[in-house]
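This report concerns only the one structure given below.
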Amino acid sequence: MMEDSSYESFELLDIPHVSTHGDEEPESSELITPESPIFTTKPMSSPVLASETFALVVKMNIVRILLSLAAHYNWQLLQYDVKNAFLHGDLDEEIYMNITPGFVGNTGNKVCKLKKALYGLKQSLRTWFRRFAKVMKESVYKQSQGDHTLFIKHSTVERVTAILVYVDDIIVTGK
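This is how it looks when you write it as structure tokens:
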């Protein structure tokens, strides 16, 4: 979405941006400079700032336990990689960036307002995982209190499914 804006009304985020053009080599990628920044507006009382990072780490003992259970009960292990995972996250704050080079049209004093998280934004992983956890809970999975990356669903007494998430990689096992 493009909006008219004055740069003075936004706070500058120091986020690298890589852009390549089809006729250029990957080495010709460029970093955003102060002339082509990404901005955010955020309330000063916000508990999670756009400049904060979020690292979701799977506890190794949970991985070992899950693999041991799968081996003991002869459960199948499935591994998935979520394509473009960070693009599925919804942003809580308003983030703006300059229109990328190569955009055709009259941009004037316009900037792009991001609706979805992008690779390179520090909050991308947090927004992706929050959306993933919401979908899992809506699907009657319970999030482990010992490791928030583990989701478990008991269908019946003898039917259980465990899902373990690491960034955009998912392991599924169960009976």
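Taken in order, the sequence shown gives residues 1 to 175; the numbers are from full-length UniProt numbering. Glycine residues also receive a C-beta, built at the ideal position from the N, C-alpha and C atoms.
In the structure shown, E138 adopts helical secondary structure according to DSSP, grouped into three states.
Unbroken beta strand (DSSP E) stretches of 3 residues or longer found wholly inside the segment 96–136: 110–113, given in chain order. 9 angstroms or more divides the Cβ of V135 from the Cβ of A85. In this model, I99 and Q79 are separated by some 37 angstroms (Cα to Cα).
Here M60 is exposed. Its C-beta has fewer than 16 other C-beta atoms within 10 Å. R126 and G89 have their alpha carbons spaced roughly 8 angstroms apart.
Boundaries of the alpha helix (DSSP H) harbouring V63: M60 to H72, taken from the DSSP string.
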